Amino acid sequence: MTAHAHSIPFTIDYIEISVTDMQAARDFYRAAFGWSFAIYGDQYSGIRTAAESGSDGEEAGGLLLAETVTRGGPLVLLYADDIEDAVERVTRAGGTVVNGPYEFPGGRRFHFLDPSGNELGVWSAS
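So, in structure tokens, the structure goes:
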């Protein structure tokens, strides 16, 4: 059995985001955050971060095609050095800011909806 590259048990390792339009989702996340994808057909695309974009890199998560998307599950938070730049990137890519940016004890953050209606957040320490 091959060992997994991550050696800390029970840490968050992979996340799947349900989407209603695979191409629109890939276009949005590529434009907003520079993500690249391993395409496994019409139903699934693996998410690769910039550091993992090589053909042998590990995936950080996936986009899963679904008929509908419901809000209210776990909130995925992404980190950004510049919160205002992140807001601009999200809106320019077609996302909708639904909360913030606002200050909280750890810095600043905002929530947005992607083209499929998933709510995610972005936070910054500054």
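If you're matching positions, the sequence shown starts at 1 in full-length UniProt numbering and goes up one per residue.
Heads up, the beta-carbon is just placed ideally off N, CA and C, and yes, glycines get one too.
Owing to the predicted nature of the structure, the values given are computational and were not obtained by experimental measurement.
Continuous alpha helix (DSSP H) stretch holding residue i: start and end
i	result
Y29	22–33
residue 152	Outside the shown range of the chain, which is 1 to 126, sits residue 152, and nothing can be said about it.
Expected contact under 8 Å - CB spacing of residue i and residue j to nearest Å
i	j	result
residue 154	A86	Residue 154 falls outside the range modelled here, since the chain spans only 1 to 126, and no answer is possible.
P101	R109	7 Å
G72	E16	Actually they are not in contact, since the Cβ atoms of G72 and E16 sit about 16 Å apart, beyond 8 Å.
E58	I47	In fact, because the Cβ distance is near 10 Å, the residues do not count as touching under 8 Å.
S18	A93	Their Cβ separation, rounded to whole angstroms, is 18 Å, which puts S18 and A93 out of contact at 8 Å.
S116	D21	6 Å
N-terminal and C-terminal residue of the beta strand (DSSP E) that residue i is part of
i	result
N118	Where N118 is concerned, there is no enclosing beta strand (DSSP E), given that its DSSP letter is neither H nor E.
V19	15–19
residue 132	Past the edges of the chain, shown from 1 to 126, lies residue 132, and the structure says nothing about it.
G46	44–48
G62	61–65
S36	36–39
Bridge-paired residues (DSSP) for residue i
i	result
T96	L113
G107	F104
Exercise for the section: Check whether the stretch 77–86 touches the stretch 34–46, counting contact only when three or more Cβ pairs, one atom from each stretch, lie closer than 8 Å. Expected result: no
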